[in-house]
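Taking it in order: structure first as structure tokens, then the write-up.
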Amino acid sequence: MVTLEGIRLGWEWLQWLDYTHILGLMVFIWCWKVTPSSQSAIERRYRRRRNQIPNDAFLRPGRVSEENAGPEDEVEAALAKETLLAKAMPASTLEERRRFLSAKKGSMKHATNSLAKYLEWRAEHQLSKEAITTFLVSEDIDLQDWNIAAASAIKRLGENPSAVLPQIARMHHMHAKPVCDRTGKRLVHILPGRMDEGVASLTAYALAVALYIDRKLDRNSSELVCVLIDARGGEGWRNLNAVQLMPFIKHTSKLLLELFPERLSKALVYPVPPALAWVWKIVRRCIDPLTRDKICLLTGPATIASLPPVKQMEAHLEPDTVEFLEQERVAAFLPTPAPL
1453 MVTLEGIRLG WEWLQWLDYT HILGLMVFIW CWKVTPSSQS AIERRYRRRR NQIPNDAFLR
1513 PGRVSEENAG PEDEVEAALA KETLLAKAMP ASTLEERRRF LSAKKGSMKH ATNSLAKYLE
1573 WRAEHQLSKE AITTFLVSED IDLQDWNIAA ASAIKRLGEN PSAVLPQIAR MHHMHAKPVC
1633 DRTGKRLVHI LPGRMDEGVA SLTAYALAVA LYIDRKLDRN SSELVCVLID ARGGEGWRNL
1693 NAVQLMPFIK HTSKLLLELF PERLSKALVY PVPPALAWVW KIVRRCIDPL TRDKICLLTG
1753 PATIASLPPV KQMEAHLEPD TVEFLEQERV AAFLPTPAPL
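According to this note's numbering, the residues represented by the sequence shown are 1453 to 1792, in order.
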């Protein structure tokens, strides 16, 4: 029975939500879709063995049932699918074919359709060499990649060609080496508070993030990345609220789900209120282990002046990496105009 007290508590809960919680939900959706909710024993064995057989190994035609399949049969069947997919999608790379087949649980039909959409998407969003040259003026290679991705997104959407989007996604270097987590996975550091819808639509930011990631990840590799979403705002930033962020969340989730299967190692969202972490502890029981182990919510206050949850972050990152990321966030602050 619905009571007035229940309605009051529900309303208070809705008012309590901010973009921190929405970002957390976006990561849940991303990880849930990227990682198959279930895997057969054959799929798991194939992942372990697929690189043990040369790419030109003899492929025996015919189909092997799961009941009678041995390890060699399983690998040969997987390689046969990769060969067929290569003929259907000659512009794709071997690692792309493997990733899309793995994400689609070996379904040739679904892998072919998804890979075709990805290749078409890449072709549609390529800038001319002349246009790219205009961005090769900075010594900051990562900023160049972001500016090229942002310009491509703006052009595709027909928005203001002179707009300069603040960089909300970055893959840092420290001491001339990529910044990685404790397992050696490169970090994708996202600061959504920097987005300003007055410069470009949030759809453009979402597309720019996808194009940026596509530029940063080698198509010929099976590299996994660790995504860090810092939910705090920043001085001089737009700091959009949850309702304003919905278009960005919607389009970013859609693009990442479709275009980059099997690329996420782990996602850290921080800092989030303890209440949201409590909800996640309940929800994670309903998700398969392969998925829930990718999602980490780190709790703590999320004001502009709040410190990051250092101790929790150090379970995944080296202490100097945590310090470096905070320095980079603060360095991105903008001077606030003096009061009149």
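Here a beta-carbon is modelled for each residue, glycine too, at the ideal position from N, C-alpha and C.
Going straight from the alpha carbon of residue i to that of residue j, what length do you get?
i, j, result
"lysine 1733", "isoleucine 1584", "46 Å"
"valine 1695", "leucine 1654", "12 Å"
"serine 1604", "aspartate 1594", "15 Å"
"phenylalanine 1658", "leucine 1536", "The sequence as given places alanine at residue 1658; phenylalanine does not occur at that position. If I take the Cα positions, the gap works out to 33 Å."
"leucine 1709", "alanine 1555", "10 Å"
"lysine 1763", "glutamate 1775", "11 Å"
"alanine 1628", "proline 1771", "18 Å"
"arginine 1550", "serine 1673", "10 Å"
"glycine 1636", "proline 1741", "21 Å"
"glutamate 1591", "cysteine 1738", "47 Å"
"arginine 1781", "leucine 1720", "16 Å"
"glutamate 1611", "asparagine 1599", "15 Å"
"lysine 1569", "serine 1544", "11 Å"
Excluding the 5 residues flanking residue i on each side, which residues of the same chain have their C-beta closer than 7 Å to its C-beta?
i, result
"proline 1761", "Tyr1722, Pro1723, Leu1750, Thr1751 and Gly1752"
"threonine 1773", "Val1631"
"alanine 1784", "Leu1643, Arg1646 and Gly1686"
"glutamate 1548", "Leu1567 and Arg1671"
"lysine 1668", "Asp1597 and Met1623"
"alanine 1767", "none"
"arginine 1634", "His1768, Leu1769 and Glu1770"
"threonine 1788", "Glu1687 and Gly1688"
Suppose the cutoff is 8 Å on Cβ atoms and the five residues either side in sequence are ignored; what does the same chain contact list for residue i look like?
i, result
"lysine 1561", "none"
Could you give the first and the last residue of the continuous beta strand (DSSP E) run that contains residue i?
i, result
"valine 1724", "1716-1724"
"aspartate 1682", "1677-1682"
"arginine 1638", "1638-1642"
"threonine 1450", "This structure cannot speak to residue 1450, because the chain is shown only from 1453 to 1792."
To which residues of the same chain is residue i closer than 6 Å at the C-beta, ignoring the five residues directly before and after it?
i, result
"alanine 1754", "Thr1472, Ala1683, Arg1684 and Pro1723"
"arginine 1736", "Arg1744"
"glutamate 1778", "Pro1760"
Against chain B, does residue i count as a neighbour if the rule is that its beta carbon must be under 9 Å from one of theirs?
i, result
"isoleucine 1642", "Annotation note: the requested chain B is absent from the structure, which comprises a single protein chain."
With distances taken between CB atoms, is the gap from residue i to residue j smaller than 9 Å?
i, j, result
"valine 1589", "leucine 1617", "no"
"glutamate 1582", "arginine 1608", "no"
"alanine 1602", "alanine 1660", "yes"
"tryptophan 1689", "leucine 1553", "no"
Which residue marks the beginning of the alpha helix (DSSP H) containing residue i, and which one marks its end?
i, result
"threonine 1564", "1560-1576"
"histidine 1703", "1694-1711"
At least 3 beta-carbon pairs within less than 8 Å: the region 1677-1689 vs the region 1634-1651: The region 1677-1689 is in contact with the region 1634-1651.
Taking 8 Å as the cut-off, does the region 1654-1664 touch the region 1529-1545 (at least 3 CB pairs, one atom from each stretch)? The region 1529-1545, when compared against the region 1654-1664, does not touch it at the 8 Å Cβ threshold.
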